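First comes the structure, then the notes that go with it.
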């Protein structure tokens with residue numbers, strides 16, 4: 001079984017999750033800008049990860065364009081964003097970003113992101129402020145969690161590491177299926 005993680009990250013949270021998954025599965029990982037001429041079709045499983053910013057997932061373009069070349073691969077995608085984990089919200093984001101074939105074939109996972117205001121660019125600070133001020137669909141407990149962190153900084157606590165367990169289990173199921181063939 002051969003697996004790889006390809007991820008895009010802006011502030012490092014997707015990279016943290018990619019590291020946790022790679023550690024659990026003992027596999028290689030590459031940032032999106034490092035893959036160069038990497039032949040993705042040589043892998044049995046490819047895990048893609050990327051942040052959600054303003055409803056957009058940059059790495060979705062790569063998945064949409066390469067999907068036809070990856071017929072023999074198991075494809076998993078995880079996103080990282082500030083929105084609370086919500087099936088309906090995440091489904092709409094995936095529908096907006098992924099072509100229909102990808103929507104049917106890829107295993108999707110939503111992971112909780114984090115905020116470190118000192119690292120945010122000004123427009124992302126404005127987006128966080130806007131969400132907290134005007135997005136009433138986000139529950140108040142989530143907003144309180146964004147505001148009550150020490151020094152107003154939220155980073156991925158180790159307790160979030162358990163969020164990668166379903167992804168790791170999915171890869172291991174696929175690994176077992178391949179070994180039985």
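In UniProt numbering, the protein residues as written are 1 to 181. Cβ atoms here follow ideal geometry from the backbone N, Cα and C, with glycine treated the same way. If you're wondering where the values come from, they're calculated on a predicted model, not measured in any experiment.
**Item:** Range covered by the alpha helix (DSSP H) that runs through residue 40
**Value:** If you number the chain shown from 1, residue 40 lands on position 40. That residue, residue 40, is in no alpha helix (DSSP H); it is neither H nor E in DSSP.
**Prompt:** If you compare alpha carbons, which of 19, 26 and 14 is closest to residue 175?
**Reply:** The residue you call residue 175 lines up with position 175 of the chain shown. Among 19, 26 and 14, the Cα nearest to that of residue 175 is on 26.
**Message:** Would the region 93 to 106 count as touching the region 28 to 36 if we require 3 or more Cβ pairs under 8 Å?
**Reply:** no
**Cβ shell of residue 59 (< 7 Å), same chain only, five flanking positions each side left out** = For the purposes of this step, residue 59 is taken as residue 59 along the chain shown, with counting starting at 1. Result list for residue 59: 8, 32, 48 and 50, in chain order.
**Message:** Measuring straight from C-alpha to C-alpha, what distance separates residue 22 and residue 167?
**Reply:** As a working note, residue 22 is residue 22 in the chain shown. As a working note, residue 167 is residue 167 in the chain shown. The straight-line gap from Cα to Cα measures roughly 11 Å.
**Message:** Considering only their Cβ atoms, is the gap separating residue 79 from residue 103 smaller than 9 Å?
**Reply:** Translated into positions along the chain shown, residue 103 becomes position 103. Translated into positions along the chain shown, residue 79 becomes position 79. It is not a contact, given that the beta carbons lie outside the stated cut-off.
**Message:** As a quick exercise: from 66, 172, 53 and 65, pick the residue whose alpha carbon is nearest that of residue 83.
**Reply:** Position 83 of the chain shown, counted from the start, is the residue given in the question as residue 83. Of the listed residues, the one whose Cα sits closest to residue 83 is 53.
**Prompt:** With burial defined as no fewer than 16 other Cβ atoms inside 10 Å of the residue's Cβ, what is the status of residue 112: buried or exposed?
**Reply:** By one-based count along the chain shown, residue 112 stands at place 112. Buried, since its Cβ has 16 or more Cβ neighbours within 10 Å.
**Per DSSP, the bridge partner or partners of residue 80** = Residue numbering aside, residue 80 sits at position 80 when the chain shown is read from its first letter. The bridge partners DSSP lists for residue 80 are 51 and 111.
**Message:** I'd like to know whether the C-beta atoms of residue 46 and residue 3 end up nearer to each other than 9 Å.
**Reply:** Position 46 of the chain shown holds residue 46. Position 3 of the chain shown holds residue 3. For residue 46 and residue 3, yes; Cβs fall inside 9 Å.
**Message:** I need the boundaries of the alpha helix (DSSP H) containing residue 105, first residue and last residue.
**Reply:** Start at 1 with the first residue of the chain shown, and residue 105 comes out as number 105. That run of the alpha helix (DSSP H) goes 100 to 105.
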